[in-house]
Amino acid sequence: MTPNAFLEHLNPEQLAAVTLPHQSALILAGAGSGKTRVLTTRIAYLIQTGQVSPAGVLAVTFTNKAAKEMLTRITSMLPINPRGMWVGTFHGLCNRLLRTHHREANLPQLFQILDSQDQLSVIKRLMKSLNIDDERFPPKQVSYFINNAKEQGLRANDVEVLDDISLQYRDIYAAYEQQCQREGVVDFAELLLRSYELLSRNEPLRAHYQARFKYILVDEFQDTSRFQYAWLKCIAGKDNAVFAVGDDDQSIYAFRGAHAGNMQTFLSEFAVSKVIKLEQNYRSQSNILDAANVLISHNRERLGKNLWTAEGTGEPIRVYCAGSDHDEAQFIVDEIRALANEGVAQSQIALLYRSNAQSRVLEHALFSAAIPYRVYGGLRFFERQEVKHALAYLRLIANPADDNALLRVINFPTRGVGSRTIEQVQEAAREQGITLWQAACQKGGNAPGKNIGSGKGVPAFVLLIEALRRDTAGLDLAEQVEHLLYASGLVAHYQASKTEADRVENLEELVNAARTFLNEYDGERTEEMPDTLTAFLTHAALEAGERQAGEGQEAVQLMTVHAAKGLEFHTVFISGMEEGLCPHEQSMFEQDGLEEERRLMYVAITRARKRLYLSYAQSRMLHGQVRYGVPSRFLNEIPEKLLKPINAPLKQAEAPAEWEAPRTLRVESESGQAWRIGQNVTHPKFGPGVIIQCRGRGPDAEVEVNFRQSGTKRLALQYAKLSPV
DNA sequence: GTACTCGTCATTTTT
DNA sequence: TGACGAGTAC
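For the first sequence, counting from 1, position 128 maps to 127 in numbering that gives the first Met the number 0; every step adds exactly one.
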């Protein structure tokens, strides 16, 4: 393929972004503006034109899914081995770095990764052994404290101590650090921190990577945390080009550390002279986009951007006022039925809500109506209890020092190792400064040391693990997993259970997962990851797998607004448009909480291609109590002209004051210039803003504009020196 | 070891 | 309301 072939269908802004010379740039990519396309085409273009070799490309994404998607698209454009490129999540890339340089990073090559669950159980165990009151210091808080410190790049020694409480937190952090180091395990935050320390302290290594990665591309840049930004800055150095793609209006993860302010910082620190806005939307019709534009214009903290489409106006946004949450659900069900008659595929219909608890009523109504549906959320494959048990056996085979894995399965399935016995093993390990496995072996092998426990459980366990290690030695990964499932008694345990028999299926699925993994990765064994088993365990920790939900079949899609980011549907229902729910009341306590809620709403609206429903309920069952709701303020922020109330009036009827020119969607000034709701404009005095209302015609035509700096103003077109942006 | 009760709590979530 | 964790009783 010639470079021209994949540049052909790009619009001018996309083309400019794709073909940008070697310099740092910010691409403000609105919803549905072809962001992934730009990113992947740029990589393909750079390689194809010989500006960089695959090995010189570093691309960071936020999810594994996005990384995979990017690789697939690139390899479909170019016949290259993607292995040379570094494409992955921050954590995935850090893992790769640390495996390659484990010695310099002071880690065992086969270090294991703790997911959040594992981290919490390590903390609980640690606190118990230190006799720390978990009422005064809830383990969840402790993990938050540790992750937070790491996110700021702080080791336990660096944490500022203000009082006894923070002293205690710091001490736990220090003990936790030691413990992880001893066990050869690393948590998510540690992956980042450790690799940052590695690069920042090891000058030759840093120079090596800076010389290598000429082109660094970052997806979803608005979701980077402060530390991730620092990491990028470190690896980019002075001379490399960072191509950051993001949308500040879609920043909805501040609560977990995303810092959209990185965009501004990036502009100044990387001396960015090129900001390209991708504003043409290829997804939604203009009523939907205009609503989104006007809504988001109420946010003050913006870089500014306005979506437009060539797709036509489309339908008005339907607004439904329900008496109760049940009514609301019933209304949605009825509409879905009607849509089905119109031929809309069920999988093209999404029901979005702010919080998971809201899905219950909807599910109930769908179920009663026999409409198939899929709920996204809940546990993921590698987070399931039975899968984690099986993985714990694997981890023990790979690394006997993994105390956490040992504790997970020493008595599962039960083999007569009670809590007392476990305590004795822990005590023996602590006294002698050895791992739990070593302590257990003492007991098992009748080696010198205290006699632990009274039963045969511990020796049996030791023998089992040793047998597993021996018997799986010559097998491939899938066979190892399969062998372990039966030899450990896991399968037998679940088969015998009345309530948990369905877990056997997931265990069998784990064998499939291992086989798939083997097929995909085995041919690509590299020096940085020589051990297939550890590679698989890493994969399981870093990539928790699909959210459950029956794949493939036609079904209505239910999910939170957060989960819907990046997706699109023919029809979208946004339910629960009530104050307290959307915007969520909890968000009011947060810094810039309301603006984030508005962005959330913006994301939700821009998921719809053709049809959008907003519904709210006057009463709703919440926490076992009936709550009476008021329509969300966001409804009022959307121009009435774009809305079509389905039943009740949207607002309380206002006393008709003085006569007002009828509101319209568009007006023309006498010069013939057309103005429409949602349009970006600029005024010599008030600066940039967005049109939120249009009234009248001819010489009386006027518009209401929400200016970024000076708020809402009503302007007569005849006099105002307004110009389109 | 399991089955039960009681009390607590209640956004959003990826790695 | 209902899910989950801790603690207790058999």
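The beta carbon of each residue, even a glycine, is placed where N, CA and C say it ideally should be.
Any idea if Ala656 is buried or exposed, counting beta-carbon neighbours within 10 angstroms, 16 or more meaning buried? Below a pLDDT of 50, predicted positions are generally treated as unreliable, and Ala656, at 41, falls in that range; the measurement from the model is reported next regardless. With fewer than 16 Cβ atoms within 10 Å of its Cβ, Ala656 is classed as exposed.
Should Ala188 and Asn156 be called a contact, given that it needs their Cβ atoms to be closer than 9 angstroms? No, Cβ-Cβ distance for Ala188 and Asn156 is not below 9 angstroms.
According to DSSP, is Phe269 part of a helix, a strand, or is it coil? coil
Report the option in Gln180, Gly236, Pro683, Pro399 whose CA atom is closest to the CA atom of Pro203. Checked all of Gln180, Gly236, Pro683, Pro399; the closest Cα to Pro203 is Gly236.
Taking Asp163 as part of the alpha helix (DSSP H), name the residues at either end of that continuous run. 163-182
Whether Gly245 touches Gln221 by CB criterion (9 angstroms): yes
Where DSSP assigns a beta bridge to Asp186, which residues make up the other side? Leu113
Unbroken beta strand (DSSP E) run spanning Lys643, endpoints: Per DSSP, Lys643 belongs to the beta strand (DSSP E) from 642-644.
Per the contact definition of three or more C-beta pairs closer than 8 angstroms, is the region 591-602 in contact with the region 550-564? yes
Cα separation between Phe37 and Arg713? Looking at the sequence shown, residue 37 is not Phe but Val. Approximately 38 angstroms, taken between the alpha carbons.
Per DSSP, the bridge partner or partners of Tyr718: Tyr718 pairs with nothing; no bridge assigned.
Given this structure, state the Cα-to-Cα distance separating Gly91 from Ala543, to the nearest angstrom. CA-CA distance, Gly91 to Ala543, rounds to 12 angstroms.
Does DSSP put Met262 in a helix, in a strand, or in coil? It is helical.
Residues near Tyr228 in its chain [Cβ-Cβ closer than 6 angstroms; skip 5 each side]: Asn261
Selection from Leu125, Val185, Gly183 that minimises the alpha carbon distance to Asp170: Leu125
For the alpha helix (DSSP H) holding Ile46, just list the boundary residues, first then last. Segment 34-47, the alpha helix (DSSP H) holding Ile46.
Considering only residues of the region 282-321, which uninterrupted alpha helix (DSSP H) runs meet the minimum length of 4 residues and lie entirely inside it, listed in chain order? 285-295
Which term fits Asp401, buried or exposed, when burial requires 16 or more other beta carbons within 10 angstroms of its beta carbon? buried
Under 8 angstroms: do the region 569-582 and the region 608-619 share three or more Cβ pairs, one atom per stretch? yes
Can you give the Cα-Cα distance for Gly473 and Ile164, rounded to whole angstroms? 52 angstroms
How should Asn445 be labelled, buried or exposed, when 16 other C-beta atoms within 10 angstroms of its C-beta is the threshold for buried? The predicted model places Asn445 with a pLDDT of 49, which falls under 50 and marks its position as unreliable; any figure quoted below should be read in that light. Exposed is the call here.
With DSSP as the reference, please indicate the residues paired to Arg546 in a beta bridge. Arg379
Taking the C-alpha atoms as reference points, what is the distance between Leu6 and Leu266? 27 angstroms
Evaluate contact between the region 583-592 and the region 627-635, counting only Cβ atoms and requiring at least three cross-stretch pairs below 8 angstroms. no
Taking buried to mean at least 16 other C-beta atoms within 10 Å of its own C-beta, is Glu545 buried or exposed? So Glu545 ends up on the exposed side.
Top-ranked residue by Cα proximity to Ala607, from Gln177, Glu310, Val141: Glu310
Hey, out of Pro11, Ala349, Leu365, Ala290, whose CA is closest to Glu325's CA? Residue identity check: residue 325 is His in the sequence provided, not Glu. Closest option to His325, Cα to Cα, is Leu365.
For the beta strand (DSSP E) containing Ser358, name the first residue and the last one. No beta strand (DSSP E) contains Ser358, which is instead part of the alpha helix (DSSP H) from 358-367.
Would you mind sorting Lys650 into buried or exposed? The rule is 16 or more other CB atoms within 10 Å of its CB. A caution first: Lys650 carries a pLDDT of 48, below 50, which makes its placement in the model too unreliable to give a value.
What are the residues that DSSP puts in a beta bridge with Asn751? Any question about residue 751 goes unanswered here, given that the chain covers just 0 to 724.
Please report how far the alpha carbon of Ser631 lies from the alpha carbon of Leu393, in whole angstroms. 50 angstroms
Identify whether Tyr493 lies in helix, strand or coil by the three-state DSSP scheme. Here Tyr493 sits in helix by DSSP.
Residue of Gly376, Gln178, Met84 minimising C-alpha distance to Tyr214: Checking every option, the nearest Cα to that of Tyr214 belongs to Met84.
Reduced DSSP secondary structure (H/G/I, E/B, other) of Leu613: strand
Residue interval of the alpha helix (DSSP H) (run including Asn146): Where Asn146 is concerned, the enclosing alpha helix (DSSP H) stretches over 138-150.
Taking contact to mean at least 3 C-beta pairs separated by less than 8 angstroms, is the region 268-288 in contact with the region 304-318? yes
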